[in-house]
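Chains as they are written, first to last, in my numbering: chain U, 15 to 167; chain B, 390 to 716; chain H, -1 to 497. Beta carbons: idealized from backbone N, C-alpha and C, even for Gly.
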Amino acid sequence: MRRGWQVGCVCLLGVFAGALITSLSYSLSDNLGPGPGFFPFWLSVTGLALTGAILVQVTSGRLLADAPSDLWPGRQAALQGLAVIVALAAAAVLLEPLGFRLTLLPFVAGLLVALGARSWIAIALCAVGGSFGVFHVFYYWLMVPLPIGAFGI
Amino acid sequence: MSRLVTATFAATLALAAALGGAGAQQSYPTRPIQLMVAFPAGGSTDIAARIVASIAEKELGQSVVVVNKGGAGGQIGWTELTRQRPDGYYIGFINLPATNTVILDPERKAIFTEKDFVPIINQVLDPGLIWVRADSPYKTVHDLIEAAKKAPNTIRTATTGILSDDHLAILMTEEAAPGALFRLVHLEGGAAQLKEIMAGNVDVAFDNVGSIATRVKSGEVRGLAVLDEVRSKFLPDVPTMKELGYPTVISSSTRGIAAPKGTPEPIVKRLREVLKKAMEHPDHVKKLEDAGIAIKIMEGEEYARYFADTHAKAKKYTEWARNRPMR
Amino acid sequence: MDTLQHLTDGLVAALGWQNLVFALIGCVLGTLIGVLPGLGPAAGTAILIPLTFRLDPTGGLIMLSAIYYGAMYGGTITSVLINVPGEAASVVTCFDGYQMARQGRGGTALGIAAIGSFVGGMVATLALVVVAPPLARVALSFGPPEFFALMLVGLGLVTSLAGRSLLAGLAMAVLGLLIAMVGIDPVRGAPRFTFGIPSLYDGLGFIPVVMGLFGVAEILLTLESPTRQLVATKFTALLPSREEWRRSVGAISRGTGIGFVLGLIPGIGAIIPTFTAYVVEKRLSKTPEKFGQGAIEGVAAPETANNAYANAAMIPLLTLGIPSSPTIAVLMGAFIINGLTPGPFLFQERPDLVWTVIASFFLGNALLLILNLPLVGLWARLLHLPHQYVSVGTLLFCVLGAYSLQQNVFDIAVMIVCGIIGYGMRKIDLPIAPLVLGLILGPFIEKSLRTSLEMSGGDFSIFFTRPLCVALLVIGALILVASALRLAPAEVREARDAN
Chain U
15 MRRGWQVGCV
25 CLLGVFAGAL
35 ITSLSYSLSD
45 NLGPGPGFFP
55 FWLSVTGLAL
65 TGAILVQVTS
75 GRLLADAPSD
85 LWPGRQAALQ
95 GLAVIVALAA
105 AAVLLEPLGF
115 RLTLLPFVAG
125 LLVALGARSW
135 IAIALCAVGG
145 SFGVFHVFYY
155 WLMVPLPIGA
165 FGI
Chain B
390 MSRLVTATFA
400 ATLALAAALG
410 GAGAQQSYPT
420 RPIQLMVAFP
430 AGGSTDIAAR
440 IVASIAEKEL
450 GQSVVVVNKG
460 GAGGQIGWTE
470 LTRQRPDGYY
480 IGFINLPATN
490 TVILDPERKA
500 IFTEKDFVPI
510 INQVLDPGLI
520 WVRADSPYKT
530 VHDLIEAAKK
540 APNTIRTATT
550 GILSDDHLAI
560 LMTEEAAPGA
570 LFRLVHLEGG
580 AAQLKEIMAG
590 NVDVAFDNVG
600 SIATRVKSGE
610 VRGLAVLDEV
620 RSKFLPDVPT
630 MKELGYPTVI
640 SSSTRGIAAP
650 KGTPEPIVKR
660 LREVLKKAME
670 HPDHVKKLED
680 AGIAIKIMEG
690 EEYARYFADT
700 HAKAKKYTEW
710 ARNRPMR
Chain H
-1 MDTLQHLTDG
9 LVAALGWQNL
19 VFALIGCVLG
29 TLIGVLPGLG
39 PAAGTAILIP
49 LTFRLDPTGG
59 LIMLSAIYYG
69 AMYGGTITSV
79 LINVPGEAAS
89 VVTCFDGYQM
99 ARQGRGGTAL
109 GIAAIGSFVG
119 GMVATLALVV
129 VAPPLARVAL
139 SFGPPEFFAL
149 MLVGLGLVTS
159 LAGRSLLAGL
169 AMAVLGLLIA
179 MVGIDPVRGA
189 PRFTFGIPSL
199 YDGLGFIPVV
209 MGLFGVAEIL
219 LTLESPTRQL
229 VATKFTALLP
239 SREEWRRSVG
249 AISRGTGIGF
259 VLGLIPGIGA
269 IIPTFTAYVV
279 EKRLSKTPEK
289 FGQGAIEGVA
299 APETANNAYA
309 NAAMIPLLTL
319 GIPSSPTIAV
329 LMGAFIINGL
339 TPGPFLFQER
349 PDLVWTVIAS
359 FFLGNALLLI
369 LNLPLVGLWA
379 RLLHLPHQYV
389 SVGTLLFCVL
399 GAYSLQQNVF
409 DIAVMIVCGI
419 IGYGMRKIDL
429 PIAPLVLGLI
439 LGPFIEKSLR
449 TSLEMSGGDF
459 SIFFTRPLCV
469 ALLVIGALIL
479 VASALRLAPA
489 EVREARDAN
């Protein structure tokens, strides 16, 4: 846990530092008061100070003295988690080129298999329902525009 | 010999493509069309869009789905419109001069220009209106302008957004009445204006007739002037700026439909015909009238010219706005 | 009394066959819209406006209003069952509602949410009838300076949401505020932190961020312990225990009050009342550490506040013609399309119409309760499906929801990134609530500051010369001092123990 917080703090420091530098390129004050860069600048400064303090506290042991240490997910969970992320990313990339139905059919089917579902019938039904079924409901009944891809589907 | 064959082959292909293309266009539309509104649901543009969509879809035989892509004062929606495939299945509303100012203001960093649109047909022309609370000390525009000259930069004047048509209208007024200076308060939309005027947090509002006509008629608020050449038929008792001696203060917000650049002419033509018919339909006319929104159909060339004129005018005042001490 | 007569007439009309059916349809559709992703109440209501073209105005308005507050309830269902807020305001219900579901008490959570919503809605409508016009005028005195002060007070709520470390809570709030600054700034109208990506011009959408932080992150966490024990409960076990009832009563009363008062202020939005009710409940509780672990008050309070807010927010619309939120603006659009302009004049000219609509709120709230309470068991049973189906279903839900907001694939990307971040935060127990709070308050704070300064011409004294504003600033300062005093002993103790 402590390692996790340390890593988190370092990432945060990076984010705040980046924000600080970017906000300097927006004007800090205006003839009416704070300019566009004012709040981001001071928020970044505050963020850096807070995160620095947390890092010190964690490293010196004053914080999280009682926290559990083993947080890494098991191998199966990690692989499945990766599958989820990759599937989501693929869906995002393919959604407009391939269209909603053709993207979500393999998405649902693939993820169900990756997470350990076994019944082929259930998987097939869910995949078709989740892609074609959902599309029909949203596009034709609820008038929510969903992408139709290059193949006209 | 082979060259002749190749040439014939090529010609046949070209002919087939042209016929096929024309065929495809003749069968347009074959699936629902998306009509984008660059503002959130419930606003003036949105209401008028939904009315015209519900009538046009009957003629087209396919649904016309209104899609709200609000945000960044319309910039998000218009950016999206110019990036869509020019196949006639995605068209959208452009609001002049708002679309123009987004293009013209370098701060906005718009990635589209005025050349990225094919204007199809204009629906609404909503003239500007200066209004105050019913019990305000300003009974006429003259009162207002005198006060603005006597105490420059103290009269809190509300717009519906930075570089909106209202903002530009205020600058036009300042130009026409040298010495008058208003303290600009940029709010977000007409509802916010109503609230702040009622609460007494701002003194006068520049907006459009369509947003507030019903309340002027009922007496809840007082209209000082209409920023048009002729009086609004919804507010016959409110004088125009022209009558009051400020003929250069003409400002209005128009809403029309455009397609992304490159949309084939036959499709544009069909859309124009269908939309015109829809806009002239008695249901459409009645509903818009009930809501106090004035129809002004401008098509093709006329609309394109109006776009160019508005663009030029907006350019002048956008420059001015950027150089004005208090934006 | 004139009002009573009007109300009675209105009730009679609202109980008419047709209007009752419209109210019913509205409640069902509203709940569905709340449950379905991406179709927030605003979009859903907008879709249904064309329906009102074909119905008579009264019926149409009754239906639209029912959809509006029905949707508030629908969003709760997904918050409790799968930790994905169906609509923005339900995010607070995720904190304890989902935990209750994991403990097999999902039905109870939904049940208390339904009951709390009913009470909140009824009381708010009653208050609308009794005190509407004068109260609405008072609420008008809430201008941009008061808004700014109120948002500062809201920031003070962070201290109660921090959990393990106050510093971490504050840092998360700061991060949230910073993320809220992405987009076109209210000062120049120029894009900020957008790095040339047009989709960012309107900022990072709240819903994709929250869907990622809560929904996707939860799924990633679930993978580590998939066969979570979901105790199959009998229906009677779906009812709250006596102890829980007792605790809920206070939460519901306070939630009603908070939701109602904040609902009168145009522009507040539904999320702030829910956060406020939650934090107030946590502060007043004798067992604050139970919050976030499945405390029933943590569901009762925000849900009641949510519905009380939704009903109260109709008051500025009906009495003054001012829409409090984008969703209500859509409702106002529906009125206008039908040729009616809400406001004091409509109240006077068409009392029959206005009072029938108001009377229908009572009916609508009752209908919601009758509809949803029996279904609670059914919804809870969904969780008993094998975890793969629940997870993949949720992900499908999330993809659909994120995309359909603006037909933009970018929102899905935002959701994925927030999902990973949320997962990381949950693993190391960094508090997420302050981040969400910062995200919500950020735009409000900057815009209201800017507008206030525009109003005053750059003069900061505007914040100190308006009585309501000063009062709010004082309250905010007092809350901060009280938090500091409360927490200082704890931090001192921790430091002492660690040495």
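Proximal chain U residues relative to residue i, where beta-carbon distance stays under 9 Å
i                 : result
GLN451 of chain B : Going along chain U, no residue has its Cβ under 9 Å from GLN451 of chain B, so there is no contact; the nearest lies around 12 Å.
Proximal residues of chain U, C-beta to C-beta of residue i below 7 Å
i                 : result
GLN423 of chain B : PRO159
ASP183 of chain H : PRO50
Neighbour-count burial assignment, residue i, 16 or more Cβ in a 10 Å radius
i                 : result
SER88 of chain H  : buried
GLY555 of chain B : Checking the sequence, you will find Asp at residue 555 of chain B rather than Gly. ASP555 of chain B should be labelled buried.
PHE623 of chain B : buried
GLN94 of chain U  : buried
TYR154 of chain U : exposed
ASN45 of chain U  : exposed
ALA164 of chain U : exposed
HIS382 of chain H : exposed
LYS232 of chain H : Its pLDDT being 48, under 50, LYS232 of chain H is placed unreliably in this model, and the value from its coordinates should be taken loosely. LYS232 of chain H comes out exposed.
LEU676 of chain B : For the record, residue 676 of chain B in the displayed sequence is Lys; it is not Leu. So LYS676 of chain B ends up on the buried side.
LEU336 of chain H : Here the sequence assigns Asn to residue 336 of chain H, which means Leu is not the residue at that position. With 16 or more other Cβ atoms within 10 Å, it is buried.
Residue-level contact to chain U via CB, residue i, 8 Å cutoff
i                 : result
VAL454 of chain B : yes
PRO321 of chain H : no
LYS425 of chain H : yes
Test: residue i CB closer than 8 Å to a CB of chain H
i                 : result
MET587 of chain B : yes
LYS447 of chain B : no
PHE53 of chain U  : yes
TRP19 of chain U  : yes
ALA536 of chain B : no
LEU69 of chain U  : no
ILE167 of chain U : no
LYS704 of chain B : no
GLY28 of chain U  : no
Interface residues of chain H facing residue i [CB-CB closer than 7 Å]
i                 : result
GLN464 of chain B : TYR199
Cα-Cα separation between residue i and residue j, rounded to whole angstroms
i                 : j                 : result
SER621 of chain B : GLY296 of chain H : 55 Å
ILE460 of chain H : ALA147 of chain H : 11 Å
PRO636 of chain B : ILE534 of chain B : 15 Å
MET453 of chain H : ASN590 of chain B : 7 Å
ALA143 of chain H : LEU471 of chain H : The question names Ala, but residue 143 of chain H in the sequence shown is Pro. Rounded to the nearest angstrom, the two C-alpha atoms are 10 Å apart.
PHE53 of chain U  : VAL214 of chain H : 30 Å
GLY432 of chain B : LEU164 of chain H : 43 Å
GLU678 of chain B : LEU514 of chain B : 12 Å
ALA480 of chain H : ARG281 of chain H : 11 Å
SER246 of chain H : LEU664 of chain B : 56 Å
ALA31 of chain U  : GLU347 of chain H : 60 Å
MET330 of chain H : LEU316 of chain H : 9 Å
Residues that residue i contacts on chain B, provided the C-beta gap is smaller than 7 Å
i                 : result
GLY341 of chain H : ARG604 and GLU609
ARG186 of chain H : GLU496
PRO519 of chain H : Absent from the model: residue 519 of chain H. The displayed extent of chain H is -1 to 497, so no value can be given.
Test: residue i CB closer than 8 Å to a CB of chain B
i                 : result
VAL412 of chain H : no
PRO324 of chain H : yes
GLN405 of chain H : yes
Within chain H, partners of residue i - CB distance below 8 Å
i                 : result
ASN542 of chain B : GLY455
HIS556 of chain B : In chain order: nothing, as chain H lies at least about 10 Å away.
LEU57 of chain U  : VAL172, LEU175, LEU176 and MET179
Interface flag, residue i vs chain D, CB-CB below 8 Å
i                 : result
ILE551 of chain B : The structure shown has no chain D; the protein chains it does contain are U, B and H.
Cβ-heavy atom distance, residue i to the ligand FMN, below 7 Å
i                : result
THR36 of chain U : Annotation note on the ligand FMN: not contained in the displayed structure, which lists no ligands.
- Query: At a Cβ cut of 7 Å, what residues of the segment 103 to 122 of chain U count as close to chain H, listed as they run along the chain?
  - Reply: ALA103, ALA105, ALA106, LEU109, GLU110, LEU118 and VAL122
- Members of the segment 664 to 681 of chain B near chain H, C-beta cut-off 7 Å: LYS676, ASP679 and ALA680
- Task: Residues of the segment 565 to 579 of chain B with a CB closer than 9 Å to any CB of chain H: list them in chain order, please.
- Result: ARG572, LEU573, VAL574, HIS575, LEU576, GLU577 and GLY578
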